[in-house]
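Step one of this worksheet: look at the structure below.
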Amino acid sequence: MDLDLSVAIKSLTLKNPLIAASGCFGYGVEYREAVNLADLGAVAVKGLFLNEREGHPPPRIIETPAGMLNAIGLQGIGVHRFVQERLPELREAGATVIVNVCGSTIDEYAEVSRVLSDAEGVGALELNISCPNIKEGGIQFGCSLGGTFDVVSAIRKVTELPIIPKLTPNVTSVASFARAAEDAGADAVSLVNTFLAMAIDVESRRPELSNVMGGLSGPAIRPIAVRMVYECRQQVKIPIIGMGGIASARDALEFIIAGANAVQVGTANFTDPFIWSKLLEGIRDYMTRHQIARIADLVGSLQLAVPEHA
Amino acid sequence: MLRDVEARVISNTRLSPDYNVIALAAPEIAEATQPGQFVMVKSARSADPLLRRPFSVFEVLRSNNRVEGLTLLSKRIGVTTKILYDAVAGDRIACLGPLGRPFEIVDPPVEAWMVAGGVGLAPFVTLAEALRPRGVRLTLFYGGRSSTDLFCLDVFEALGVRIVLATEDGSRGELGRITVPLDRELQQAAGSVQLYACGPEPMLAAVARLAAKARRRCEVSVERTMGCGMGGCYSCVVQVHGSDGKAHYVRSCTGGPVFDAGALVWE
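Protein chains in written order, with our numbering: chain A, 271 to 580; chain B, 1086 to 1352.
Structure below.
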C-alpha cells in the first residue's frame, strides 16, 4: 500500500508527522548518531533568545511517577550563534528545522524572528509563549488571550515563515488560546508545553528543583494533553501539533485521532534516542492495517458513539 | 558508534550489602568504549524508572580474545541501582553507549596517578588497561570510610598498579582521607605526573586544589543527574570558567564527564 504521511503547514511540508520536541533534542545535531535527522518530519530545536542564556542552577530535573519535572531555564546559545554554528550543520544533515523562538518582550520575539527569517534553512517558527520556568515574557503572553494575540500579530508582520505558537496547558481553556492564535494569523498551534508542578524532598523539606517549580512532562500528562488537543480541534481550523508523553506509535496515533495533524516527542527521546524509526514503523503498520492511505484522513477521526434518544 | 542494546545479564557479583559488579552482554558497546566514557542504563522490562541512569564502564570482559561484554560497578542508592543489585543472570538491562568525553591518554615518562573514592573507582580499570601497554607507571590512591568500602584491589594488582589506601576509620591503609597521602607524594614526586580523579565532590575539589598547588595536570570525572546522556536536555550542567572570565554552565554528558580540573568552578 502506498502511504502518504506528509503534513502541510502553510508553505512547509513535513515528510511525516513526527517532530522532535523543543527542549528535548538539543539543537538536533547532538542526535545525529542515533537518527538520520532527514528522516524526521522536523526537528524543533531548543528555544532561542536574542542573546546567550545561562539557565537555572542545578538540580534542574527530578523524576516523578511516569514523568519528570524540569526547570532548565532555557539555557541557550542565542539566535546569532545558532544561525552561524548550528544551522549549517542542520542544513547539511537535511533536517527540516523548526526554531523555538523566545522573548522577554514582543520586540525580542520580533527581532529573533527577523534574524531567523533572513537565515537559510529555517522551515518554521514555533513561538514559545508557554515555558513555565522563566520569569519575564514567555508564559506571561501565553496566559493572557490579549498577550497571545499581540505576540502572534507582531511576528506575523515580520515573517513569511509559518508561525506555530506553542501553548501552555496552565490555563483554564487552552482552546480559547488556540483560537486567539488563529485569529492573530498563526499557521498552526503546538500543544501542550509542560504542566507547572513541584516536588519536595520531605527529609530536608527542600524543593527538589533549584527553581522550586518546574514543568511536568512524560506519560503522566498524556491523557490531559490528548483531551486538550481534542478541545482545540473543535475550535480551530489550522493544523495542530500535539504532544505530551508520547512514547509509542499508539500514543502518537491517539493524538492524531484526537485532532493533531502532527506530533512532537520529547521525554521519550531521553529514554530511547532510537525511538523514531519504531514510531514511524508503528504508524505505517497501523495505516496499512486500517487501509488508510493518507495520514491526513486520520486527523480528528475520533468516532463518537451515536447518542441515544432520550 | 552509539548503540542501544537490551543486554543480557551474564552475572552479578554482590561485593557487600551495597556494592555489586554486574556483567552485561553488550560487546559492541564494550568494544567501542574509551576509558572514562559511560553508558545509560535502565531495566529493559519496566518503564519505571522512566529515565536511564549513567554509569562508567568498569571492565571490558574478554574471553579468548573476543569481547563479551562490560561490567558496571554500582552502589545501591536509588531504584535503578537496586534493580542492578537485585538482577540475576538472564535478566535484561537496556544499555546505551558509549557516551561522553574520555580521559586523555598519556605516555611515559609521565606517570598516571588515579585517585578514587568509593564507587568512583569505576573508570580506572579501563584507564589502567589503556595506559599499561604504553609503559606508563600507574598508581591508585583509593579511599573509603572503612576497609569494607574498598573493592576489587586484585583487579588493579593484576594490572601492575601500585596501590595506596586510606580509610577514615584506619581499618585499612592510612588513617584519614586519601588526599593526605596524595598530598605528601605530590610534594615528593620528582617526575611528571598526570592525575585522574573520580569520587565524591568534596574529594574531587580537594584533589583539584592539590593538583593546582603542585602544578600537575589533573582530569576529574564528575557525576550529575542526567536526563538523556546525549546532550538533549541540559540537565547535567557543571560550571566552567569561560574565556570571558565568567562562569558558564556546560553539559557534563557531552562536555564531560571528564573535565580538566582547572576548567571547572569549584564551590
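Cβ atoms here follow ideal geometry from the backbone N, Cα and C, with glycine treated the same way. Here the structure is a predicted model, which is why all the values come from computation and not from measurement.
Reference residue i, options the options, closest by Cα
i               : options                            : result
L318 (chain A)  : A:C401, A:T541, A:A363             : A:C401
G393 (chain A)  : A:G311, A:L466, A:R330, A:A467     : A:G311
P1102 (chain B) : B:L1136, B:A1282, B:R1161, B:R1088 : B:R1161
S1328 (chain B) : B:C1338, B:T1339, B:G1347          : B:G1347
P493 (chain A)  : A:L550, A:G408, A:R520             : A:R520
V1094 (chain B) : B:I1107, B:L1087, B:R1088          : B:I1107
D272 (chain A)  : A:G570, A:M557, A:G337, A:V576     : A:M557
M1288 (chain B) : B:G1276, B:S1306, B:A1299          : B:S1306
E1116 (chain B) : B:R1099, B:L1155, B:S1277, B:V1173 : B:L1155
L1267 (chain B) : B:D1234, B:S1277, B:G1228          : B:G1228
C413 (chain A)  : A:I433, A:A389, A:T438             : A:T438
E1253 (chain B) : B:S1232, B:A1293, B:V1246          : B:S1232
N531 (chain A)  : A:I376, A:A314, A:L461, A:F295     : A:L461
L568 (chain A)  : A:Q534, A:V576, A:A522, A:P577     : A:A522
G484 (chain A)  : A:Q534, A:R330, A:L307, A:G346     : A:R330
P1183 (chain B) : B:V1126, B:T1118, B:R1138, B:S1159 : B:T1118
R384 (chain A)  : A:G536, A:I409, A:E355, A:H350     : A:H350
L284 (chain A)  : A:A308, A:A291, A:S518, A:L339     : A:A308
R482 (chain A)  : A:P287, A:A389, A:Q354, A:H326     : For the record, residue 482 (chain A) in the displayed sequence is Val; it is not Arg. Cα-wise, what sits closest to V482 (chain A) is A:H326.
C1237 (chain B) : B:G1203, B:V1221, B:G1255          : B:G1203
G337 (chain A)  : B:L1100, B:A1132, B:N1150, B:M1086 : B:A1132
Rounded straight-line distance, which links the Cα of residue j to that of residue i
i               : j               : result
I222 (chain A)  : I545 (chain A)  : The requested residue 222 (chain A) is not part of the displayed model; chain A covers only 271 to 580.
K1167 (chain B) : I332 (chain A)  : 18 Å
V1322 (chain B) : G1314 (chain B) : 11 Å
L1244 (chain B) : W1198 (chain B) : 14 Å
G373 (chain A)  : R1336 (chain B) : 23 Å
N1105 (chain B) : G1341 (chain B) : 25 Å
L1216 (chain B) : P1120 (chain B) : 10 Å
T334 (chain A)  : L1271 (chain B) : 45 Å
E1153 (chain B) : V299 (chain A)  : 31 Å
L1295 (chain B) : D1239 (chain B) : 28 Å
F352 (chain A)  : Y1334 (chain B) : 17 Å
A1213 (chain B) : G1258 (chain B) : 21 Å
L275 (chain A)  : T541 (chain A)  : 25 Å
A538 (chain A)  : L1260 (chain B) : 47 Å
V369 (chain A)  : K316 (chain A)  : 7 Å
A1282 (chain B) : A1290 (chain B) : 10 Å
E378 (chain A)  : G364 (chain A)  : 28 Å
A563 (chain A)  : L357 (chain A)  : 34 Å
Q1324 (chain B) : T1264 (chain B) : 23 Å
P489 (chain A)  : V444 (chain A)  : 20 Å
F411 (chain A)  : V506 (chain A)  : 19 Å
Nonlocal neighbours in the same chain, by C-beta distance under 7 Å from residue i, ignoring five residues either side
i               : result
S1129 (chain B) : Sequence check: residue 1129 (chain B) is Ala here, not Ser. Contacts found: E1091, R1177, I1178, A1179.
E1189 (chain B) : E1304
P435 (chain A)  : L397, I399, T418, V422, A451, A456, V459
A380 (chain A)  : A424, I425, V428
G1276 (chain B) : P1194, E1196
A1111 (chain B) : V1090, A1092, G1154, L1155, C1180
R503 (chain A)  : I510, A528, G529, G570
D1084 (chain B) : Here chain B covers residues 1086 to 1352 and nothing more, so residue 1084 (chain B) does not appear.
Same chain only: Cβ atoms within 6 Å of residue i, ignoring 5 sequence neighbours per side
i               : result
R361 (chain A)  : G391
V1164 (chain B) : P1134
L615 (chain A)  : The structure shown does not extend to residue 615 (chain A), since chain A is modelled only from 271 through 580, so no value can be given for it.
D1089 (chain B) : L1181
N440 (chain A)  : L466
R1302 (chain B) : Q1279
P1139 (chain B) : F1123, M1125, M1311, G1314
A1256 (chain B) : Per the sequence presented here, residue 1256 (chain B) reads as Ser, with Ala not at that position. Contacts found: S1231, S1232.
Bridge-paired residues (DSSP) for residue i
i               : result
G1154 (chain B) : B:L1146
V471 (chain A)  : The sequence given here places Asp at residue 471 (chain A); Val does not occur at that position. Looking at the DSSP assignment, D471 (chain A) forms a beta bridge with A:R476.
N1097 (chain B) : B:I1107
G484 (chain A)  : A:A467
V369 (chain A)  : A:V315, A:L395
M1311 (chain B) : According to DSSP, M1311 (chain B) bridges with nothing at all.
Q1122 (chain B) : In the DSSP output, where bridge partners are listed per residue, Q1122 (chain B) has none listed.
Q1324 (chain B) : B:Y1334
A586 (chain A)  : Summary: the structure shown does not reach residue 586 (chain A), with chain A confined to residues 271 through 580, and so no result is reported for it.
Spatial neighbours of residue i in its chain, beta-carbon cut-off 8 Å, leaving aside the 5 residues before and after
i              : result
I470 (chain A) : R476, P477, E478
L627 (chain A) : Shown here, chain A extends from 271 to 580; a query on residue 627 (chain A) therefore has no answer.
L415 (chain A) : S446, F447, A450
V305 (chain A) : P543, F544, W546, S547
G243 (chain A) : Any question about residue 243 (chain A) goes unanswered here, given that chain A covers just 271 to 580.
Any non-hydrogen atom of the ligand MG closer than 6 Å to residue i Cβ
i               : result
L1155 (chain B) : In terms of ligand content, the structure shown is empty, and the ligand MG therefore cannot be addressed.
Quick check on the DSSP output: what are the complete alpha helix (DSSP H) runs of length 4 or more inside the stretch 525-559 of chain A, in order along the chain?
Qualifying alpha helix (DSSP H) stretches, in chain order: 537-541, 545-559.
Completely contained alpha helix (DSSP H) runs for the stretch 1263-1294 of chain B, where each covers 4 or more residues:
1264-1273
Where in the stretch 1185-1245 of chain B do unbroken runs of the alpha helix (DSSP H), each at least 4 residues long, occur, reported from the N-terminal end onward?
1209-1216, 1238-1243
Please give me, in chain order, every unbroken run of the beta strand (DSSP E) with length at least 3 that falls completely inside the stretch 325-364 of chain A.
Listed in chain order, the complete beta strand (DSSP E) runs (minimum 3 residues) inside the stretch 325-364 of chain A are 331-334, 337-340.
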